[in-house]
């Protein structure tokens, strides 16, 4: 099964997220990742939805989404034409001895230390899912206390604008 990324422009009001997610669950489709944010226009929000399936499932999802009154437009994001990023916050045990190694590892991944505690640091990293997973694997030996990842955000390259 392949992963597909959809960028969906919707009206920004209460209940829209519930209607969209309900559409997926009623048809037995799982949402792998979902991010939602108001656009520059306060009356609209953009949903970036990642779903696994085949071409038929993708086509069915797009058809069903287009039936929702609140959906303004739907764009299938082609990976080669799209800039895709995730963000993660990773809390790592950091004693005096290993703090320098953790900072060095973060520098290699262009990650940032955003909070420093007596025995821990919080690292912020943005990039592809693979990049974030690799950073987490390298930080695991120090002791990851917790981490949180956002869903995927995607935007088509070039001057084309989703309306």
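Residue numbers (this note's numbering): 264 to 426.
Glycine is no exception: its CB is placed at the ideal position from the N, C-alpha and C atoms.
Starting from residue i and walking both ways along the beta strand (DSSP E), at which residues does that stretch end?
i, result
"residue 417", "416-419"
"residue 378", "375-379"
"residue 411", "407-412"
Who are the near neighbours of residue i in its chain, counting only those whose CB is closer than 8 Å to its CB and skipping five residues on each side?
i, result
"residue 415", "268, 296, 298, 311, 313, 347, 348, 349 and 392"
"residue 397", "372"
"residue 305", "275"
"residue 345", "268, 417, 418, 419 and 420"
Are there 16 or more other CB atoms within 10 angstroms of the CB of residue i, so buried, or fewer, so exposed?
i, result
"residue 383", "buried"
"residue 277", "exposed"
"residue 266", "exposed"
"residue 334", "buried"
"residue 338", "buried"
"residue 351", "buried"
"residue 340", "buried"
"residue 288", "exposed"
"residue 309", "buried"
"residue 417", "buried"
"residue 329", "exposed"
"residue 358", "exposed"
Among all the DSSP beta bridges, which residues are the ones paired with residue i?
i, result
"residue 307", "274"
"residue 282", "Bridge partners of residue 282: none, in fact."
"residue 338", "270"
"residue 345", "419"
"residue 393", "Partner(s): none; residue 393 has no beta bridge."
"residue 298", "311"
"residue 353", "386 and 410"
In chain order, what residues of the same chain lie with their CB nearer than 7 Å to the CB of residue i, ignoring the 5 residues before and after it?
i, result
"residue 356", "382, 383, 405, 406 and 408"
"residue 270", "309, 311, 338, 340, 417 and 425"
Excluding the five sequence neighbours on either side, which residues of its own chain have a C-beta within less than 6 Å of the C-beta of residue i, listed in chain order?
i, result
"residue 368", "401"
"residue 286", "327"
Check for me: the alpha helix (DSSP H) holding residue i runs from which residue to which?
i, result
"residue 332", "Neither: residue 332 is in no alpha helix (DSSP H) and is coded neither H nor E."
"residue 367", "362-371"
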